[in-house]
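Peer 1:
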Amino acid sequence: MNRDVWAEAIGSFFLFCTVIGSGIMAERLAGGNMAVALLGNTAATGAMLFVLITMLGPLSGAHFNPAVTLVVRLRGDLSTSAALRLIAGQLAGGIPGVWAAHLMFAEPILQLSGKVRTGPGQWTSEFIASFGLVFVILGTIRHRPQAVPASVALYIVAAYWFTSSTSFANPAITLARTLSDTFAGIAPSDAPAFIAAQLAGALAAAVAGGAIFAPEEPAQ
Numbered sequence: 009m010n011r012d013v014w015a016e017a018i019g020s021f022f023l024f025c026t027v028i029g030s031g032i033m034a035e036r037l038a039g040g041n042m043a044v045a046l047l048g049n050t051a052a053t054g055a056m057l058f059v060l061i062t063m064l065g066p067l068s069g070a071h072f073n074p075a076v077t078l079v080v081r082l083r084g085d086l087s088t089s090a091a092l093r094l095i096a097g098q099l100a101g102g103i104p105g106v107w108a109a110h111l112m113f114a115e116p117i118l119q120l121s122g123k124v125r126t127g128p129g130q131w132t133s134e135f136i137a138s139f140g141l142v143f144v145i146l147g148t149i150r151h152r153p154q155a156v157p158a159s160v161a162l163y164i165v166a167a168y169w170f171t172s173s174t175s176f177a178n179p180a181i182t183l184a185r186t187l188s189d190t191f192a193g194i195a196p197s198d199a200p201a202f203i204a205a206q207l208a209g210a211l212a213a214a215v216a217g218g219a220i221f222a223p224e225e226p227a228q
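Structure (C-alpha cells):
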C-alpha cells in the first residue's frame, strides 16, 4: 500500500477515534450538560485535526474525507485511481477507529446508532458546513498554504457550534458514526441525506472556489 493511502488510513483512524471517543468521554463527564459535552467533543476534534493535517498533509494532503478527495480529483490534482485508493484508505482506517473508541470505553464494539438526525435544518447545515470546509481549504491553499492545518481545525471547531447538525461535513465519518450508538452517532437511515448534502456543498464550494481563488491573469 502506498504511503499516501497509509497516511489517510492512519489519520482517519485517529480522527474518527477522537470524534467518537471524546464524545463518549464528554458525555460521561458532563453530568447531563449537553453544552459542556459538545465543547469537549469540539476541542478534541479540532486539536486532533490540527495535529494530523500538520503531520500527514505532506504525504497525502490529509483529506480524511471523501468529499475533499472528490474535489481534489475534479480539480485535476489526483487521478481517479488515486482518489479511489485514498477514499478506501479513509474508510478502512476510520471504521476501526470507531471500534477502538468503543473498546477503550468498555462499550460494545459492534453497534448501530439509534440517534435521529434529520430534517431540512440539519440537511442545510451539512450543505453549509461542507461548503465552508472545502472553501476554506481552497482559499487557504491558494493564499497561505502553511496555515491549512490551523484554518481547517478552527473552521471545524466553529462549525460544530454554528450548525444544527454539529458539522459532520464528511461522508466517511457519517458512515462510521452510524456504527456508534453514542453521543456522536447518527441513525443509519438518516445518513444518506447527510451524505447527499455534504457532497452537494463540497461541489458547490469547488465551483465557487475555482472562480474566486483562480490565479490572477497577468496584466496586459
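For any residue, its number in our numbering is found by taking its place in the sequence shown, counting from 1, and adding 8. Built from N, CA and C at the ideal position, the CB exists for glycine as well.
1. Taking the straight line between their C-alpha atoms, what separation do you get for F202 and C25?
2. Check whether the Cβ atoms of G209 and E134 lie closer than 8 Å to each other.
3. Where I32 and T190 are concerned, what is the direct C-alpha to C-alpha distance, given to the nearest angstrom?
4. According to the neighbour-count rule (16 or more other Cβ atoms, all chains shown, within 10 Å of its Cβ), is N254 buried or exposed?
5. Determine the burial state of I164: buried for a count of at least 16 other Cβ atoms within 10 Å of its Cβ, exposed for fewer.
6. Should H110 be labelled buried (16 or more other beta-carbon atoms within 10 Å of its own) or exposed?
7. With DSSP run on the structure shown, which of helix, strand or coil describes N49?
8. Identify which residue in A199, I145, T171 and P179 has its Cα closest to the Cα of I220.
9. DSSP state of H110, grouped into three classes?
10. Going by CA-CA distance only, name the one from L183, P223, T132 and V215 that's closest to N73.
11. Please name the residue, chosen from A91, F113 and D12, that lies closest to L64 on a Cα-to-Cα basis.
12. Within its chain, find whatever has a CB closer than 6 Å to the CB of G193; leave out the 5 residues flanking it on each side and keep chain order.
13. Reducing DSSP to helix, strand and coil, say where V165 ends up.
14. Can you check whether the CB of L187 is closer than 8 Å to the CB of V106?
15. Does DSSP put F221 in a helix, a strand or coil?
16. Count the other CB atoms, across all protein chains shown, that sit within 10 Å of the CB of Q154; report buried if there are 16 or more and exposed otherwise.
17. Just mark I117 as buried or exposed, buried being the case when its beta carbon has 16 or more other beta carbons within 10 Å.
18. Let me make sure I understand the geometry here. Which of I18, M42, G54 and R125 has the alpha-carbon closest to that of L162?
19. If you follow the alpha helix (DSSP H) that S173 is part of, which residue opens it and which one closes it?
20. Who are the near neighbours of F58 in its chain, counting only those whose CB is closer than 7 Å to its CB and skipping five residues on each side?
Peer 2: Straight from the coordinates:
1. 20 Å
2. yes
3. 6 Å
4. It is not possible to answer for residue 254, since the shown part of the chain is limited to 9 through 228.
5. buried
6. buried
7. helix
8. I145
9. helix
10. L183
11. D12
12. S121, K123 and R185
13. helix
14. yes
15. coil
16. exposed
17. exposed
18. G54
19. Unbroken run through S173: none, as it is neither H nor E.
20. P157, A158 and A161
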